[in-house]
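So for the sequence shown, the numbering used here puts the first residue at 1111; every next one is plus one.
Glycine included, each C-beta is placed from N, C-alpha and C at the ideal position.
Structure record follows, encoded as structure tokens.
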Amino acid sequence: MMKNFTKPIVLAGAIAGMALLPACSSDADTADEGSTATQDEGTRTLAASLGDLPDMASLNGAISAAQLGSIFDGPGSYTLLAPNDPAFDRLGDSGKALLEEEQRPLLVGLLREHILPGHLTPENIGEALDTQGGDVTMTTLGGTAVTFSRDGEAITVSNGNGSSARFTGTATAATNGVIIPLDTVMVPTETPTA
């Protein structure tokens, strides 16, 4: 009798799973500039998800050089504002110099300015912008205020130094946070010299 009861449950589960297939798409063109969509990585951490994302090799290398990888494998939840490879390429030689051992403190500082505490999707940020009726400000792990705004349908983020980036592509939700691709590396405010 148990076998007869199990088969309908398995069949019902298979039918329910098939009903979701039309919602899946492998069309790369759906991840356009300014996208506010988020794909769910299910059981993968930020570190594992970041390692498999296209156009994130430079950021992955920077996180490794800064020895921050364990943070993104841990239980804490973070939102990573993730500059893509073209964004790092635009830094030129100064960006490459950041990967040198003696520049590690600067690199760590730069990366901390791209990390927010908590699990925030572009959809969450968009809803906050709509609810607020304008800009929304948050503080990075580096202590800098970043401001989210709308530019038409796109969402942008800027810091007090005048650096501004646009959400680009599809965000990725992991078990311990969210990766939101950006088109620019936001340079932190320089410390004034005395």
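- Distance from the CA of D1165 to the CA of D1195, rounded to the nearest whole angstrom, comes to 5 Å.
- DSSP places V1297 outside both helix and strand once states are collapsed to three, so it counts as coil.
- With the rule of 3 Cβ pairs closer than 8 Å, the segment 1171-1191 counts as touching the segment 1286-1294.
- One alpha carbon belongs to A1264, the other to R1276, and they sit about 7 Å apart.
- Under the criterion of beta carbons closer than 8 Å, T1285 and T1153 qualify as touching, at roughly 6 Å.
- Taking C-beta separations shorter than 7 Å and ignoring five residues to either side along the sequence, the partners of S1159 in its chain run E1151, T1282, A1284, I1289, following chain order.
- Annotation for L1156: the continuous alpha helix (DSSP H) segment containing it runs 1156-1162.
- Exposure of A1255 is indicated by the presence of fewer than 16 other C-beta atoms within 10 angstroms of its C-beta.
- Contact between the segment 1234-1248 and the segment 1211-1224 is absent: fewer than three C-beta pairs spanning the two stretches fall below 8 Å.
- The Cβ neighbour count for S1204, taken over all protein chains shown within 10 Å, is under 16; the residue is labelled exposed.
- By the beta-carbon neighbour count (other beta carbons within 10 angstroms, threshold 16), T1250 is buried.
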